[in-house]
Structures are given as C-alpha cells and as structure tokens.
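K.L.:
The structure follows.
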Amino acid sequence: MAIYLDSYSRVLVQGITGAEGTKHTRRMVASGTQIVAGVTPGKAGQDVDGIPVFGSVGDAVAATGADVSVVFVPPRFARAAVEETIAAGVALCVVITEGIPVADTAAFFQRALDAGTTRLIGPNCPGLISPGRSNAGIIPGDIAGSGRIGLVSKSGTLTYQMMYELSDIGFSSAVGIGGDPVIGTTHIDCLAAFQDDPETDVIVMIGEIGGDAEERAAAFIADNVTKPVVGYVAGFTAPEGKTMGHAGAIVSGSAGTAAGKKAALEAAGVRVGRTPSETARLVREVVAG
Numbered sequence: 000m001a002i003y004l005d006s007y008s009r010v011l012v013q014g015i016t017g018a019e020g021t022k023h024t025r026r027m028v029a030s031g032t033q034i035v036a037g038v039t040p041g042k043a044g045q046d047v048d049g050i051p052v053f054g055s056v057g058d059a060v061a062a063t064g065a066d067v068s069v070v071f072v073p074p075r076f077a078r079a080a081v082e083e084t085i086a087a088g089v090a091l092c093v094v095i096t097e098g099i100p101v102a103d104t105a106a107f108f109q110r111a112l113d114a115g116t117t118r119l120i121g122p123n124c125p126g127l128i129s130p131g132r133s134n135a136g137i138i139p140g141d142i143a144g145s146g147r148i149g150l151v152s153k154s155g156t157l158t159y160q161m162m163y164e165l166s167d168i169g170f171s172s173a174v175g176i177g178g179d180p181v182i183g184t185t186h187i188d189c190l191a192a193f194q195d196d197p198e199t200d201v202i203v204m205i206g207e208i209g210g211d212a213e214e215r216a217a218a219f220i221a222d223n224v225t226k227p228v229v230g231y232v233a234g235f236t237a238p239e240g241k242t243m244g245h246a247g248a249i250v251s252g253s254a255g256t257a258a259g260k261k262a263a264l265e266a267a268g269v270r271v272g273r274t275p276s277e278t279a280r281l282v283r284e285v286v287a288g
C-alpha cells in the first residue's frame with residue numbers, strides 16, 4: 000500500500016512537450032510510472048516517446064482513464080491548467096511549477112475544495128514517490144528503494160537528502176508538499192495518511208522556519224498519531240530578521256523560529272534533529288527499536 004500514488008496510478012503530464020515536461024516524463028517512466036498521456040494545447044495528435052499528446056485534460060482522461068496529473072506549465076498558465084484538471088475530475092494533481100502568484104494558487108485551491116474530487120500537491124514542490132511503484136514529479140527515482148518509512152517535507156532538496164541517507168531502509172511513500180504560502184496538501188494531511196497506512200512504521204516530517212504549519216502539525220501528532228515521528232526543521236542557523244528560503248518561510252518576532260517549532264514538536268513526543276544527518280540517525284534508532 001502507498002499513500003496517494005501506487006502502481007495502478009495512470010498519470011498524464013501537462014506540458015509534456017516542453018523541455019522540462021519531456022525530461023521529467025522520461026525520468027518518471029524510467030522509475031516505473033505508468034504515464035498514459037500528455038497534454039499540450041494545440042499539439043493534439045503528437046507523441047513523446049510513444050506517449051500520446053492530447054489538446055485538453057478532458058480528452059486525455061476520456062481516452063486513457065488517467066487519474067493523476069503532473070503539471071509542468073509556466074506560472075502564467077498554471078491556474079488554467081490546474082482548473083482544467085479539477086474540471087475533468089482527476090483525483091490527484093501534482094503542481095511542480097514554481098513562481099505561481101499566490102492569488103492564482105488560492106483561486107485553484109478553492110476550486111478544488113468546492114469540487115471535492117481532486118487532491119492538490121504543491122505548487123512549487125518536487126512531487127511524490129512510492130518507490131518501486133510510481134513517481135509523479137521530479138524526485139530522483141534511484142535514491143531510495145521501497146521500505147517502511149513515510150516522509151513528508153516542505154523542501155525538495157531535503158526530501159532527496161533524507162531519502163538518500165536512509166536509502167538502505169527505504170520508504171513507503173515520500174511527499175514533497177512545497178513551501179509556498181498556500182499549498183494543497185499539508186503536513187497534517189500526510190501525517191493522517193501515514194498513520195492509516197499499514198505499510199508505514201515510522202514517519203519523518205521535515206519543516207522549515209516561518210509560519211505555524213509545524214506547530215499545528217505538532218498538535219495533530221499529539222492527538223492523533225500513535226506511530227513514532229522524527230522531525231527536522233530547516234533554518235536553525237538563519238540570521239535573525241531575514242526572510243529565508245521559500246516564499247512561506249517568513250519569521251515574525253519569535254513566531255515561526257526553528258527553536259520554537261522544535262520545542263512544539265518535542266512537546267508532542269517527536270524526536271527532532273538539528274541537522275539532516277542527525278535526523279537520519281534518530282530514524283535509525285527508532286527503526287532499530
């Protein structure tokens with residue numbers, strides 16, 4: 000079992016004929032993803048490595064039964080692309096694009112909530128992977144195998160590092176949720192899914208300075224999660240008074256600091272590392288019992 004994505008997922012790629020779309024489509028195929036269609040307006044009838052290209056998401060879904068979309072379109076077209084996916088009833092939409100205006104993200108996020116049929120991951124995220132089953136996004140498919148760790152992370156780079164450091168243990172699923180101020184799927188969503196997943200034994204949660212998402216996740220863990228959770232918060236060495244990293248990483252006074260987030264998580268029973276490598280060591284200790 001895996002959360003959100005498995006070997007039965009039928010994936011379409013929006014923007015498949017662009018440079019990034021084509022490159023990452025090939026990488027996803029190489030890691031076992033079942034990519035059934037691409038979508039680029041005006042290029043219906045073409046193909047990429049034998050994958051048929053359609054002019055609209057609706058046409059692609061009708062022809063192939065696709066239930067996952069990965070969005071590789073420029074920021075100015077992203078809102079329309081995501082709303083088209085929602086209108087077509089695609090169950091999972093993974094928005095890789097960065098630089099989408101927050102107003103556009105808020106608009107398509109609300110559209111997804113109103114429709115109630117599409118889960119959004121991102122934007123500005125690396126996507127998600129269930130190793131050995133499927134990979135939707137830009138996470139390297141060869142850095143970790145299948146195992147029993149569930150990973151949710153705001154940071155793409157730290158997703159890759161944690162998967163690499165724990166590659167010998169392996170992952171049930173890893174989800175990069177993105178670091179923008181408005182995102183579709185949250186730490187809490189993934190924590191709940193991992194708690195319910197019988198093939199996940201330990202959960203790793205990576206956050207970063209700014210906002211209160213990690214504090215809210217800590218409260219959720221305290222009340223709802225019985226599996227062991229290990230955490231890391233990026234930004235312990237960030238200079239005071241500076242905006243760092245993602246658009247959502249804004250610290251105001253004492254709110255949103257790495258130390259404050261660490262304290263909240265530890266109060267909920269989460270073991271928190273001060274570096275990625277220390278976090279990986281803590282995971283190993285948990286796995287070893």
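Per numbering that gives the first Met the number 0, residue 0 is the first one in the sequence shown, and the count goes up by one each step. Every residue, glycine too, gets a C-beta built ideally from N, C-alpha and C.
Let me check one thing: in DSSP terms, what residues is Ala46 bridge-paired to?
P.N.:
Counting from 1 along the sequence shown, the entry for residue 46 is found at position 47. Just to set this straight, residue 46 is Asp in the shown sequence, not Ala. DSSP lists Pro51 as partners of Asp46.
K.L.:
Quick test of the definition: if touching needs 3 or more C-beta pairs under 8 Å, does the segment 154 to 162 touch the segment 95 to 109?
P.N.:
The answer is no - the segment 95 to 109 does not touch the segment 154 to 162, with fewer than three Cβ pairs under 8 Å.
K.L.:
Among the residues of its own chain, which have a CB less than 6 Å from the CB of Val271, if the five just before and after it don't count?
P.N.:
Residue mapping note: residue 271 aligns to position 272 of the sequence shown, counting from 1. Taken in chain order, the residues that qualify are Gly230, Lys261, Leu264, Glu265.
K.L.:
Buried or exposed for Pro130, going by 16 or more other Cβ atoms inside 10 Å?
P.N.:
To locate residue 130, count along the sequence shown from 1; it is residue 131. Buried is the call here.
K.L.:
Just the C-alpha distance for Ala43 and Phe53, rounded to the nearest angstrom, thanks.
P.N.:
Here the question's residue 43 lines up with position 44 in the sequence shown. Here the question's residue 53 lines up with position 54 in the sequence shown. The alpha-carbon atoms of Ala43 and Phe53 are separated by roughly 4 Å.
K.L.:
State the beta-bridge partners of Cys92 as determined by DSSP.
P.N.:
In the sequence shown, the residue the question calls residue 92 occupies position 93. Ser68, Leu119.
K.L.:
Grab me the residues of Asp48's own chain with a C-beta within less than 8 Å of its C-beta, minus the 5 sequence neighbours each way, in chain order.
P.N.:
One-based indexing of the sequence shown puts residue 48 at position 49. Contacts found: Thr24, Arg25, Val28.
K.L.:
I'd like to confirm the pairing. Which residues does DSSP put opposite Val271 in its beta bridges?
P.N.:
For the purposes of this step, residue 271 is identified with residue 272 of the sequence shown, where counting begins at 1. Looking at the DSSP assignment, Val271 forms a beta bridge with Gly230.
K.L.:
Under a Cβ-count criterion, where at least 16 other Cβ atoms within 10 Å of its own Cβ denotes burial, should Arg132 be classed as buried or exposed?
P.N.:
The residue you call residue 132 lines up with position 133 of the sequence shown. It is buried - the Cβ of Arg132 has at least 16 other Cβ atoms within 10 Å.
K.L.:
Put Gln13 into one of helix, strand or coil per three-state DSSP.
P.N.:
If you number the sequence shown from 1, residue 13 lands on position 14. Here Gln13 sits in strand by DSSP.
K.L.:
Mind checking which residues open and close the alpha helix (DSSP H) that includes Ile289?
P.N.:
Only positions 0 to 288 of the chain appear in this structure, which leaves residue 289 out of reach.
K.L.:
Is the Cβ-Cβ distance between Leu112 and Ser68 less than 8 Å?
P.N.:
The residue given as residue 112 occupies position 113 in the sequence shown. The residue given as residue 68 occupies position 69 in the sequence shown. Taking 8 Å as the Cβ cut-off, Leu112 and Ser68 do not qualify as a contacting pair.
K.L.:
State the DSSP-derived secondary structure class of Val282, mapped to helix, strand or coil.
P.N.:
Start at 1 with the first residue of the sequence shown, and residue 282 comes out as number 283. Helix, per DSSP.
K.L.:
Taking C-alpha atoms, which residue in Ser30, Arg9, Gly31 lies nearest to Gly37?
P.N.:
The residue given as residue 37 occupies position 38 in the sequence shown. If we check each option's Cα against that of Gly37, Arg9 comes out closest.
K.L.:
At which residues does the alpha helix (DSSP H) containing Arg215 begin and terminate?
P.N.:
Here the question's residue 215 lines up with position 216 in the sequence shown. Element bounds for Arg215: 212 to 223.
K.L.:
According to DSSP, Ala135 sits in a beta bridge with which residue or residues?
P.N.:
For the purposes of this step, residue 135 is identified with residue 136 of the sequence shown, where counting begins at 1. Ala135 is bridged to Leu127.
K.L.:
Would you check if there are 3 or more beta carbon pairs closer than 8 Å linking the segment 113 to 130 to the segment 87 to 95?
P.N.:
As far as the Cβ criterion goes, the segment 113 to 130 touches the segment 87 to 95, which means the pair count is three or higher.
K.L.:
Just tell me which of Gln45, Gly41, Gln33, Arg75 has its CA closest to the CA of Gly64.
P.N.:
The residue given as residue 64 occupies position 65 in the sequence shown. Closest by alpha carbon: Gln33.
K.L.:
So, helix, strand or coil for Ile99, using DSSP?
P.N.:
In the sequence shown, the residue the question calls residue 99 occupies position 100. Of the three classes helix, strand and coil, the one that applies to Ile99 here is coil, per DSSP.
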